[in-house]
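**Q** Pasting a structure here, questions to come.
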């Protein structure tokens, strides 16, 4: 049984799933209610975005308020179609939406360490992004072949 000095803590990985990824908000609410401190976060796609919001100090209640208040027709306008090359949606407007919600601009500004996962489309290798521009990393994490165009990140 843990002593009072050693409160439970964990590293939490949040996955993809588009709108289904909003269930991560409920997980964060339960962890807070149970006073389980998150020491570090990792995520991809919507999980990276939810993780970034939380790591930047946005509470699950604030996230839930935004999610339940979303105008889905207005949100659909964030889809910026492109002539098909590597994807149908450019993602620039989605990145702008994420930037408006995030109080942090870089990983270094986050309150909780965060790792964002993406894939290098040229090599197929996994990328683990922990430094630099947060929105650029999130844009890379939502890239999905055939849907969202690839994003340039780093070199």
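Residue numbers (this note's numbering): 2 to 156.
Think of the CB as a built atom: it goes at the ideal place given N, C-alpha and C, for glycine as much as any other residue.
The model shown is predicted, which means the values in this text are computed figures rather than measured ones.
Using alpha carbons as the reference points, say which of 104, 63, 47 lies closest to residue 117.
**A** Per the Cα distances, 47.
**Q** Between residue 126 and residue 143, what straight-line distance do the alpha-carbon atoms span, to the nearest angstrom?
**A** Roughly 16 Å between the two C-alpha positions.
**Q** Do you know offhand how far residue 26's Cα is from residue 153's?
**A** Their Cα atoms are separated by approximately 28 Å.
**Q** Go to residue 51, then tell me how far its beta strand (DSSP E) extends in each direction, as first and last residue.
**A** Per DSSP, residue 51 belongs to no beta strand (DSSP E); it is in the alpha helix (DSSP H), 47-56.
**Q** Which word fits residue 20, buried or exposed, when buried means at least 16 other C-beta atoms lie within 10 angstroms of its C-beta?
**A** Residue 20 is exposed by the Cβ-count criterion.
**Q** DSSP puts residue 132 in a beta bridge; with which residues?
**A** DSSP, once it has assigned bridges, lists no residue as partnering residue 132.
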